[in-house]
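Asker: Here the protein sequences line up with chains W and G, keeping their order. Sequential numbering from 0 applies to the first sequence in numbering that gives the first Met the number 0. Sequential numbering from 0 applies to the second sequence in numbering that gives the first Met the number 0. Just so you know, even glycine gets a beta-carbon here, dropped at the ideal spot from N, CA and C.
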Amino acid sequence: MNSFKIIWSILAKDLRVEWRNRETLASMCVFGLLIVFLFNFAFETAREETLRLLPAVLWVAIAFAGVLGFNRSFASERENACLEGMTLAPVDPSMIFVGKMLANLLFLGIAEVVMVFAATLWFNFSFLPALGQLLLIAFFGTLGYAALGTIFGAIAANTRMREVMLTVLQFPIAFWILMLSIDSTSSAMRGNPDGSWVGGVARVAGISVIFTVASFLLFEYVLEE
Amino acid sequence: MPPGDHVTKPVLEVRNVTKFFGDLAALKEVSLGIRCGESALLYGPNGAGKTTLLRMLASLARPSSGEVLFDGKNIEHDGANAKAAIGFVSHATFLYGELTVRENLKFFGRLFGLSGLEKRIDAALEMFDMRPREDDFARDLSRGLQQRASLARAFLHNPDFVILDEPFTGLDHQSVKKLEDLLLRLPQQGKALLFSTHDFEQGAALARRLIALKAGRVRYNGPLDIAPFKSLGIVRANGQSRDE
Numbered sequence: 000m001n002s003f004k005i006i007w008s009i010l011a012k013d014l015r016v017e018w019r020n021r022e023t024l025a026s027m028c029v030f031g032l033l034i035v036f037l038f039n040f041a042f043e044t045a046r047e048e049t050l051r052l053l054p055a056v057l058w059v060a061i062a063f064a065g066v067l068g069f070n071r072s073f074a075s076e077r078e079n080a081c082l083e084g085m086t087l088a089p090v091d092p093s094m095i096f097v098g099k100m101l102a103n104l105l106f107l108g109i110a111e112v113v114m115v116f117a118a119t120l121w122f123n124f125s126f127l128p129a130l131g132q133l134l135l136i137a138f139f140g141t142l143g144y145a146a147l148g149t150i151f152g153a154i155a156a157n158t159r160m161r162e163v164m165l166t167v168l169q170f171p172i173a174f175w176i177l178m179l180s181i182d183s184t185s186s187a188m189r190g191n192p193d194g195s196w197v198g199g200v201a202r203v204a205g206i207s208v209i210f211t212v213a214s215f216l217l218f219e220y221v222l223e224e
Numbered sequence: 000m001p002p003g004d005h006v007t008k009p010v011l012e013v014r015n016v017t018k019f020f021g022d023l024a025a026l027k028e029v030s031l032g033i034r035c036g037e038s039a040l041l042y043g044p045n046g047a048g049k050t051t052l053l054r055m056l057a058s059l060a061r062p063s064s065g066e067v068l069f070d071g072k073n074i075e076h077d078g079a080n081a082k083a084a085i086g087f088v089s090h091a092t093f094l095y096g097e098l099t100v101r102e103n104l105k106f107f108g109r110l111f112g113l114s115g116l117e118k119r120i121d122a123a124l125e126m127f128d129m130r131p132r133e134d135d136f137a138r139d140l141s142r143g144l145q146q147r148a149s150l151a152r153a154f155l156h157n158p159d160f161v162i163l164d165e166p167f168t169g170l171d172h173q174s175v176k177k178l179e180d181l182l183l184r185l186p187q188q189g190k191a192l193l194f195s196t197h198d199f200e201q202g203a204a205l206a207r208r209l210i211a212l213k214a215g216r217v218r219y220n221g222p223l224d225i226a227p228f229k230s231l232g233i234v235r236a237n238g239q240s241r242d243e
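(1) Go through the segment 115-198 of chain G residue by residue and report every complete run of the beta strand (DSSP E) that reaches 3 residues or more, in order.
(2) Against MET85/W, what residues of chain G qualify as contacts under a CB-to-CB distance less than 7 angstroms, listed in chain order?
(3) Can you check which of these residues, GLN201/G, LEU193/G, LEU104/G, is closest to MET55/G by C-alpha distance?
(4) Determine the chain W residues that contact PHE194/G at a beta-carbon separation under 9 angstroms, and present them in chain order.
(5) Roughly how many whole angstroms lie between the Cα atoms of ILE5/W and GLN132/W?
(6) Determine the direct distance from the alpha carbon of ALA129/W to that of ALA188/W, and round the result to whole angstroms.
(7) Between which residues of its own chain and LEU98/G is the CB-CB distance below 8 angstroms, once the five residues before and five after are set aside?
(8) Can you check DSSP and say which residues form a bridge with ARG216/G?
(9) Kindly say whether LYS82/G, judged by its beta-carbon, lies nearer than 8 angstroms to any beta-carbon of chain W.
(10) Checking 8 angstroms against the spacing of the C-beta atoms, do PHE96/W and SER207/W come in under that value?
(11) My assumption, with CB atoms under 8 angstroms, is that ALA39/G sits in contact with ILE210/G. Please give the rounded CB distance.
(12) Would you verify that the beta carbon of THR92/G is, or is not, closer than 8 angstroms to some beta carbon of chain W?
(13) Any C-beta of chain W sitting closer than 8 angstroms to the C-beta of GLU117/G?
(14) When the Cα atoms are used, what is the spatial distance from PHE160/G to ALA206/G?
(15) Contact between the segment 144-158 of chain W and the segment 208-215 of chain W: three or more CB pairs below 8 angstroms?
(16) Name, in chain order, the residues that DSSP records as bridge partners for ASN73/G.
(17) How is THR166/W classed by DSSP in three states: helix, strand or coil?
(18) Whose CA, out of VAL100/G, GLY65/G, GLY169/G, lies closest to the CA of GLU28/G?
(19) Please list, in chain order, the chain W residues whose beta carbon lies closer than 8 angstroms to that of LEU59/G.
(20) Can SER75/W and TYR95/G be called in contact, C-beta distance under 8 angstroms?
(21) Do SER89/G and ASP164/G come within 8 angstroms of each other at the CB atom, strictly closer than that value?
(22) Taking three-plus beta-carbon pairs below 8 angstroms as touching, is the segment 152-168 of chain W in contact with the segment 28-38 of chain W?
(23) Hey, out of ALA155/W, PHE124/W, TRP121/W, VAL115/W, whose CA is closest to ALA137/W's CA?
(24) Could you say which of VAL35/W, GLY68/W, LEU107/W lies nearest to ALA55/W if we only look at CA atoms?
Structure follows, in structure tokens:
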């Protein structure tokens with residue numbers, strides 16, 4: 000029970016900080032929208048091309064918007080060494096990880112809703128026929144990506160070229176989540192021509208759970224010098 | 000110290016601790032401990048290793064070799080009790096600029112799992128005259144006010160071990176006086192005080208024990224009133240020198 004209170008305290012603190020400065024979510028949404036718009040502008044797509052292109056466009060937009068968010072998430076922790084201050088408390092470091100990850104997951108989730116809504120309009124494509132499946136793929140893909148962003152954001156926060164370092168460190172590993180998410184999203188949008196939809200969701204869920212658990216377990220080592 | 004005190008009172012100690020930053024040894028084979036009811040001044044020139052030692056005792060830094068123990072247990076493996084017992088103030092304030100002073104204290108109080116939090120916050124704010132500024136954002140406070148808020152954060156959970164790294168930084172005369180009075184009372188309340196300052200006379204007036212560090216080594220660790228000031232390179236305001 001105490002763990003839930005600690006996680007909630009960290010999440011509530013991040014939400015309050017974001018509500019006050021409105022920097023993270025706004026920059027994530029604007030950047031994501033810009034990517035979706037640019038791709039839409041660059042490629043006058045017919046339906047078949049949209050099916051081929053849109054999953055990649057969306058996940059690339061999510062990936063880059065996420066990097067912005069993860070960097071901002073740890074900017075407030077870096078100021079006045081607040082992340083270090085949290086570790087002064089008798090709190091399991093993994094609780095700090097969960098609190099920060101949930102905040103990142105929430106912000107990225109909201110940005111995704113905005114991006115998908117824009118994509119629906121600009122690409123003239125309806126996600127409704129496979130909405131349930133797409134929601135599951137988006138949830139698990141975002142969960143794994145947010146977990147990686149949280150742990151690598153904490154690592155990069157202590158480096159000199161932190162904005163660059165986060166991208167350099169995170170993308171080679173996040174690549175696997177993004178590839179599987181793009182593949183599964185594409186399959187879902189096409190009505191699962193290869194058969195059951197369960198396999199695609201399961202693959203994304205599997206790799207996301209692996210990365211989330213690994214990040215959860217390793218976070219305490221990241222907090223050490 | 001009454002007989003038997005060493006058995007019942009917890010001790011925070013470092014044993015044979017060495018700390019490297021790259022090739023530079025900030026601490027070399029340091030061993031010392033502090034017990035409840037003691038007040039110790041950690042003194043030394045810049046680069047002596049004071050901050051590294053204090054951070055290590057507060058469990059913010061890990062030794063390259065050696066151990067940090069609380070009540071005989073290595074805090075690396077069993078640190079929760081130590082963290083609950085330690086109040087630490089460092090050069091960084093650990094305050095979120097986007098939160099008010101009260102919100103900052105509430106956040107840290109929740110992390111410590113404190114009961115009766117609002118009353119504790121009121122008391123901590125009162126202790127450092129921060130009630131009139133409790134609803135100000137931390138980012139809007141001057142350095143001195145931020146330091147007072149940081150002190151309030153450190154005392155919020157009524158710690159048994161108070162570890163302060165340059166606690167007087169940025170404080171005005173009145174706040175310095177108030178903090179000095181508070182620190183003088185800590186040993187009487189059975190609490191341990193370990194602090195560093197570059198003003199030796201100010202520190203000497205508050206502590207009964209001196210730990211002198213130089214180039215990462217302990218040069219002296221004992222009662223302040225019999226310390227060999229001259230060989231430690233300490234010139235007292237009254238010209239006192241025990242070596243002579």
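Answerer: This is what the structure gives:
(1) As far as the segment 115-198 of chain G is concerned, its whole beta strand (DSSP E) runs of at least 3 residues are 160-164, 191-195.
(2) Result: LEU110.
(3) That would be LEU193/G, whose Cα lies nearest to the Cα of MET55/G.
(4) Ordered by position in chain W, no residue passes the 9 angstroms Cβ test against PHE194/G, which lies about 16 angstroms from the chain.
(5) Rounded to the nearest angstrom, the two C-alpha atoms are 32 angstroms apart.
(6) Here residue 188/W turns out to be Met, not Ala, going by the sequence shown. So the alpha carbons of these two residues sit roughly 7 angstroms apart.
(7) The residues PHE106, PHE136, ALA137, in chain order, have a CB closer than 8 angstroms to that of LEU98/G in the same chain once the five nearest residues on each side in sequence are set aside.
(8) Answer by DSSP bridge pairing, in chain order: LYS213/G.
(9) At a cut-off of 8 angstroms between beta-carbon atoms, LYS82/G makes contact with chain W.
(10) Not in contact: PHE96/W and SER207/W (Cβ atoms no closer than 8 angstroms).
(11) Confirmed, about 6 angstroms.
(12) By this cut-off, THR92/G is an interface position.
(13) No - not a single Cβ of chain W is within 8 angstroms of the one on GLU117/G.
(14) So the two alpha carbons sit approximately 14 angstroms from each other.
(15) Counting Cβ pairs under 8 angstroms, three or more are found: they touch.
(16) DSSP, once it has assigned bridges, lists LEU68/G as partnering ASN73/G.
(17) Here THR166/W sits in helix by DSSP.
(18) Nearest of VAL100/G, GLY65/G, GLY169/G to GLU28/G, Cα basis: GLY65/G.
(19) The contacting residues are GLU83, THR86, LEU87.
(20) Inclusion of SER75/W and TYR95/G in the CB contact set at 8 angstroms is warranted, their separation being smaller than that value.
(21) The answer is yes: Cβ separation under 8 angstroms.
(22) No, they do not touch.
(23) With distances taken between Cα atoms, ALA137/W lies closest to VAL115/W.
(24) Nearest in C-alpha terms to ALA55/W, of all of VAL35/W, GLY68/W, LEU107/W, is VAL35/W.
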